[in-house]
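Protein sequence lines correspond, in order, to chains A and B. Sequential numbering from 2 applies to the first sequence in the numbering used here. Sequential numbering from 1264 applies to the second sequence in the numbering used here. In what follows, a single structure is set out as structure tokens and then discussed.
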Amino acid sequence: MIGKKESVFHRIAKDWDLYLLLLPGFVWFLMFCYKPMVGLRTAFYDYNVFKGFKGSEFVGFANFKEFMGGPDFLRTVGNTLMIALYQMLICFPIPIVLAIAITEMRSKFVKKLTQTATFLPYFISVVVVCGMVMNFLSPSTGIVNLIRKQFGMDPIYFMVKPEYFRMIYTTMTLWQTAGFNAIVYIAALMGIDPQLYEAAIIDGAGKWKRIIHITLPSIIPTIVTMFVMNIGKMVKVGYESILLLYNPSTYPVADVISTYAFRVGIENGNYGLATAAGLFEALVALVLVTVANHISRKLTETSLW
Amino acid sequence: MRNDGKKQLLGKGERTFNISMNIIGVLISLLCLYPIIYVLSASFSKPLFVENGTVVLWPVGLTLDSYKEAFAKEGLWTAYGNTLFYTLFGVAVNMLFTTTMAYALSKKRLVARKFFTLFTVFTMWFNAGIIPLYMTFRDYGMLDTRSAILFGFAVNTYNLIILKSFFEQVPSSMEEAAFIDGASNFTIFTRIYLPLSKPALATVGLFYAVNRWNSYFWAMNLLTSDSKLPLQVLLKKLIVDRVANETEAAIVTASSTSSPTTVIYAIIIIAVIPMLVAYPFIQKYFKAGLTIGADKG
């Protein structure tokens, strides 16, 4: 339809209303995604909230030096990595196992029940989930400690004990996301050619052998794609729920880069330092996604771009 | 088909496997549902039985007083109304911005299409973060305004891409025929593409609605007047902040019919009820949407 030599101007003029449709979204991205990126220069200022950029001093990399040289750097980076690691080792593989288990269930009812029950928690807000966690773990009225009391054990104030925080956070995330994340894998599993299984049965392969030699290899591209897509998110960790769950006594294990940036910026008003910390985190996430994507392209020929 | 082939070959091990998978399924389901069941039961129980551990699965000492007190909480109805407002109008804004842009991006003839696509996708991998976005709202004079919530979060890039891939799958022959009849891009978009994309629109609309209903973070930071707060921010104050302080040591006696704890459980139920009611629809459309998203380019 479109002639090769048609000028760009002509092509735009012919479809002018298509560009009109593009406009609102384009302007939105400029206003709410790219304008904040210009605001990243705050990281290089000793930013004064009342004076703005004109009245604030340009300090170069001083904010980065303060963040990276301070005692909070190792703590927040370490915590971010530890929580991301927990996520990667627990919250990432379990949905895969769950998806395989669900597809292996022979009873239609149980299959549907399991999918419905595991998917449901995803739709409960973080505020409610965190509220439930805190209530369940309350030393005086929480169900967990009530059960402990019935077995003659002393109640534990879980929320102020640093040693429990990561496990609580990971369990909570797992409960919320396992069923949701399993869906993509279930779809991939349903796409496997049944003939592969039939051939394997004739060859005498048992259930486990079939899972290991047919099921898993067939969904590896999906696993890799999901991994690459999630790796950036893992570094950002769920600061919205950590903000609700943590308290000064669990900062040593719970304070991650985003929660630190939030406290320093929104609560203490040190915009320069907070932006520097946030930028550091965003860059790490970007690098990780790029590297993960590169590796996955090399290994499996699956990549996001 | 897979089943027929296997039945005659089912060994004893295979049968044990199948039975244990079903048992595991039931156990996983109970484990996932238990927290919700417990909250529900506790909210209908007398506080004494909740706080001495009698309530484990079923309500004990049935009472509605926790709900009466929950409904009487200051600001609960305002917050509920606000959330309805943000969800309803917010999703309308979301759909307006997302469908139009997704449609334009789905057309190969769009000049600089690659640039525009990268322009949107890039924000998935890199964003400026909390402080610069907060300052942006401040620069626009949008702090403590309802429009900050409605327009500030108008497009979710992931949803945009789901819709774009869906529009790309619509056969171009329909569009070509409409062009010959002299239809404009705008007419083709509203008269052909939107009606054809109802399932995808429902999915994306639900994605947005769930998100609108459940989000608290930016509402908490951007809104300062109580009259504008959505439910989730109020819930944070009522549920999370109260437990975190654990200052009110409530005296619960055998005759009490509600306590701060049971009231919290009642509030939780009030907050999740709409989600539970809508869940069957959500489940249907979400699954479809997640699988479109998975094989996006």
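For glycine and all other residues, C-beta sits at the position ideal for the given N, C-alpha and C. Everything numeric in this text was worked out from a predicted model, so none of it was measured.
Taking 8 Å as the CB threshold, M1405 of chain B stays off the interface with chain A.
By the criterion of a C-beta distance shorter than 6 Å, A189 of chain A is surrounded in its chain by I220, T223, once the five residues flanking it on both sides are discounted. With a contact defined as Cβ atoms closer than 8 Å, M1398 of chain B and Y272 of chain A qualify at about 7 Å. Beta-bridge annotation (DSSP): E58 of chain A is paired with A:D47.
With a 10 Å radius around the Cβ and a threshold of 16 neighbouring Cβ atoms, S1308 of chain B comes out buried. For chain A, the residues of the stretch 1383 to 1409 of chain B that bring a beta carbon within less than 7 Å of one of its beta carbons are T1383, T1386, W1388, F1389, N1390, A1391, G1392, I1393, I1394, P1395, L1396, Y1397, M1398, T1399, in chain order. Here V236 of chain A is actually not in contact with A293 of chain A; their C-beta atoms are around 11 Å apart, not less than 8 Å.
For the stretch 1536 to 1550 of chain B, the set of positions with a beta-carbon nearer than 7 Å to some beta-carbon of chain A reads M1538, Y1542, I1545, Q1546, K1550 in chain order. I202 of chain A and K1275 of chain B have their C-alpha atoms spaced approximately 14 Å apart. Only those residues of the stretch 1458 to 1483 of chain B whose C-beta falls short of 8 Å from the nearest C-beta of chain A are listed: V1473, W1476, N1477, S1478, Y1479, F1480. In the three-state scheme derived from DSSP, where H, G and I count as helix and E and B as strand, A1446 of chain B is classed as coil. Against chain A, the CB of E1332 of chain B has no partner CB under 8 Å away; the residue lies outside that interface.
Note that the C-beta distance between L1413 of chain B and F1360 of chain B is not below 8 Å.
Exclusion of the five residues before and after S1519 of chain B leaves P1310 as the residues of its chain whose Cβ lies within less than 6 Å of its Cβ.
In this structure, the CA atom of I212 of chain A is about 27 Å from the CA atom of F1549 of chain B.
N1390 of chain B sits buried, since 16 or more C-beta atoms from the chains shown fall within 10 Å of its C-beta. Within the stretch 243 to 261 of chain A, contact with chain B at the beta-carbon level (separation under 9 Å) is assigned to L244, L245, L246, N248, S259. In this structure G1415 of chain B is buried. Its beta-carbon is surrounded by 16 or more other beta-carbon atoms within 10 angstroms. The closest CA to that of Q196 of chain A, considering only A:I215, A:W209, A:I184, is found on A:I215. Distance from the CA of A200 of chain A to the CA of W209 of chain A, rounded to the nearest whole angstrom, comes to 15 Å. Counting only Cβ-Cβ distances below 7 Å, E241 of chain A has contacts in chain B at F1480, in chain order. DSSP places E7 of chain A in the coil class of the three-state scheme, outside both helix and strand.
Looking only at A:L300, A:N248, A:E105, the smallest Cα-Cα distance to T1279 of chain B is reached by A:E105.
For R1475 of chain B, the enclosing alpha helix (DSSP H) begins and ends at 1461 to 1477.
Its Cα nearest to that of D155 of chain A, the residue A:V145 stands out among A:V145, A:V161, A:E164.
P96 of chain A carries a helical assignment under DSSP once its states are collapsed to helix, strand and coil.
Distances from the CA of A1342 of chain B to each of B:N1419, B:G1392, B:I1530, B:K1547 were compared; the closest alpha carbon is that of B:I1530. Using a 10 angstroms sphere on the CB of K1499 of chain B, the tally of other CB atoms reaches 16 or more, which defines it as buried. Secondary structure remark: continuous alpha helix (DSSP H) runs of at least 4 residues inside the stretch 1358 to 1426 of chain B, in chain order: 1376 to 1388, 1393 to 1402, 1409 to 1415. In the DSSP assignment, M133 of chain A falls within the unbroken alpha helix (DSSP H) covering 127 to 137. Between the alpha carbons of L1373 of chain B and D16 of chain A lies a gap of roughly 8 Å. Taking C-alpha positions only, F181 of chain A is separated from L99 of chain A by approximately 11 Å.
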